[in-house]
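Single-structure report; data block below.
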Amino acid sequence: MAGLDDKLAEIYDEVLRRNTGEAEFHQAVREVLTSLGPVVAKHPQYADSAVIRRLCEPERQIIFRVPWVDDTGTVQINRGFRVEFNSALGPYKGGLRFHPSVYLGIVKFLGFEQIFKNSLTGMPIGGGKGGSDFDPKGRSDGEVMRFCQAFMTELYRHIGEYTDVPAGDIGVGGREIGYLFGQYKRITNRYESGTLTGKGLTWGGSQVRTEATGYGTVYFTDEILRASGESFDGKRVTVSGSGNVAIYAIEKIHQLGGAVIACSDSDGYVVDDNGIDVELLKDVKQHRRARVAEYAELRGQGAHHVGTGSIWEVPCDIALPCATQNELDADDAAKLISNGCGIVAEGANMPCTPAAVRTLTDAGVAFAPGKAANAGGVATSALEMQQNASRDSWTFEHTEERLAEIMRGIHDRCLETADEYGLPGNYVAGANIAGFIQVADAMLALGVI
Ligand code: GLU
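According to the working numbering, the sequence shown holds residues 78 to 526 in order.
Written as structure tokens, this is what we have:
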């Protein structure tokens, strides 16, 4: 099989056989295995103890019914998931995604990615992910609350500070974490702050957690720029999406002197020649829960909405895909290259298709994979866990400094590992190999479990 040596190809075939129809999971596994050839060649102990085969099989997969009553009195049934993938480094850690596209294959791809991402942060957290095919779009506050309560009524028995610590992802923000935590507290009769992260500041949350994924992606990109003696100053940037990750990426880019000229949602994108007004975007998306088309209307001159085509047609120096998986394909990559884009960093999980990544890297574009570039969110979740464990709360400045330090650390570790394996500047190989080795070594130490 192209790109995989025999042993790894055998493992990949087994993953295909055992996980039929889970295309995103296959893609995520293949992406990691493609980097591991030189590692197993150098360290035969990983192959001998079946570490990679064990890594590809989740430790536990939970699927449950979520029945709830909508505003018209109709009973709705959704499916809930929690995949507890790997706990070699710490309790399972990873978000919950509420989106109609969610099925086992999506949760497993996200959980698998999370193992290596969490390892890269250097924090003591394992990998997991969960969610539901529930679609929050157009649902009232009351419906979202009843859904979250029904979801937690099953999930509570599987999670806990030392077991599994969920957080948010697409469709799960502060509001949902509040309803989930409320129901957990009610069922268990315990105020266990460390059971969920992404909490509000008055009930156990951490400063900077809301901003962390977007800020972290921008810090990582800033490190890439610095490595070649550049900065964000005067750079034109496109950021896809307009959710939590995109909004705070835009905010930080503006603080660092760059100009974000486009962002998007599933109905199209807006181009704003004067730079996206992030306060207006927050108002539209977070308060009104409206679409970016409304942003363009309210912003007026200089801004327009485009309902067809792709945001990647907008010329830029740096592109940050911050929406969802497989949103940037090989054609988009070619477009970015022909428009002179030099850096692509993934704020979302696996937003670039494998063909897009090949196209970008072959053309010499610096490419930062999500498991490194967007690790700031989960890293700050680990900081939230630390604060909960010590019943402390840190200042914004202190927490942000910790986040920046962690992102610098991940960046440097990727480059050092890539160098060690003779692949200078290859962030994909660096992230996969460095993330893998730490988990694999812990698994070896813990025996066959
Ligand atoms: N969903 C986020 C991610 O993809 C954050 C997970 C967390 O904070 O546990 O990393």
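Glycine is no exception: its CB is placed at the ideal position from the N, C-alpha and C atoms.
In this text, all values refer to a predicted model and were calculated from it rather than measured experimentally.
Taking C-beta atoms as the reference points, residue 317 and residue 398 count as a pair closer than 7 Å. Taking the Cα of residue 396 as reference, the smallest distance to any Cα among 345, 334, 295 and 373 is reached at 295. Apart from the 5 residues on each side of it in sequence, residue 357 sits with its Cβ closer than 7 Å to the Cβ of 372, 375 and 376 in its chain, given in chain order.
In the three-state reduction of the DSSP assignment, residue 179 falls in the coil class.
Short of 7 Å from the beta carbon of residue 368, and not among the five residues preceding or following it, lie these beta carbons of its own chain, in chain order: 342 and 344. Secondary structure at residue 429: strand, using DSSP grouped into helix, strand and coil. When only Cα atoms are considered, residue 484 and residue 428 end up about 20 Å apart. Inclusion of residue 128 and residue 456 in the CB contact set at 7 Å is not warranted, their separation being larger than that value. When the Cα atoms are used, residue 407 and residue 501 turn out to be separated by approximately 23 Å. Taken in chain order, the whole alpha helix (DSSP H) runs of length 4 or more contained in the stretch 341 to 429 are 355 to 359, 369 to 376 and 407 to 415.
If the five residues before and after residue 464 are omitted, its C-beta is found closer than 7 Å to the C-beta atoms of 283, 470 and 471, all from its own chain and listed in chain order. The closest heavy atom of the ligand GLU lies less than 6 Å from the beta carbon of residue 454. With respect to the 7 Å criterion, residue 160 and residue 210 are not classified as neighbours on the basis of their beta carbons.
Secondary structure at residue 315: strand, using DSSP grouped into helix, strand and coil. In the three-state reduction of the DSSP assignment, residue 89 falls in the helix class, which pools H, G and I.
Straight across, the Cα-Cα distance linking residue 108 with residue 118 is about 18 Å. The beta carbon of residue 410 is closer than 6 Å to those of 433, 436 and 437 in its chain, skipping five residues each way along the sequence. In the three-state reduction of the DSSP assignment, residue 269 falls in the coil class, being assigned neither a helical nor a strand state.
Distance between residue 337 and residue 352, taken at the CA atoms: about 5 Å.
For residue 143, the secondary structure class from DSSP, reduced to helix, strand or coil, is strand. Of 253, 195 and 478, the smallest CA-CA separation from residue 176 is found for 253. In the three-state scheme derived from DSSP, where H, G and I count as helix and E and B as strand, residue 209 is classed as strand. Check the Cα spacing between residue 275 and each of 385, 256, 143 and 450: the tightest is with 256.
Contact between residue 100 and residue 172 fails: their C-beta atoms lie close to 21 Å from each other, not under 8 Å.
Rounded to the nearest whole angstrom, the C-alpha separation of residue 482 and residue 221 is 36 Å.
Assignment of beta-bridge partners to residue 170 by DSSP yields 242.
7 Å or more divides the Cβ of residue 519 from the Cβ of residue 491. With a contact defined as Cβ atoms closer than 8 Å, residue 383 and residue 346 qualify at about 5 Å.
Closest in C-alpha terms to residue 280, from the list 488, 310 and 461, comes 461. In this model, residue 187 and residue 123 are separated by some 23 Å (Cα to Cα). Boundaries of the beta strand (DSSP E) around residue 444: 443 to 445. Beyond the five residues adjoining it in sequence on each side, residue 143 comes within less than 8 Å, by CB distance, of 154, 155, 156, 157, 209, 211, 224, 227, 228 and 231 in the same chain, given in chain order. Residue pairing by DSSP places residue 159 opposite 139 and 207 in a beta bridge. DSSP, reduced to helix, strand and coil, places residue 291 within a helical segment of the structure shown. Taking the CA atoms as reference points, residue 387 sits about 13 Å from residue 393.
For residue 329, the distance from the CB to the nearest heavy atom of the ligand GLU is not below 6 Å.
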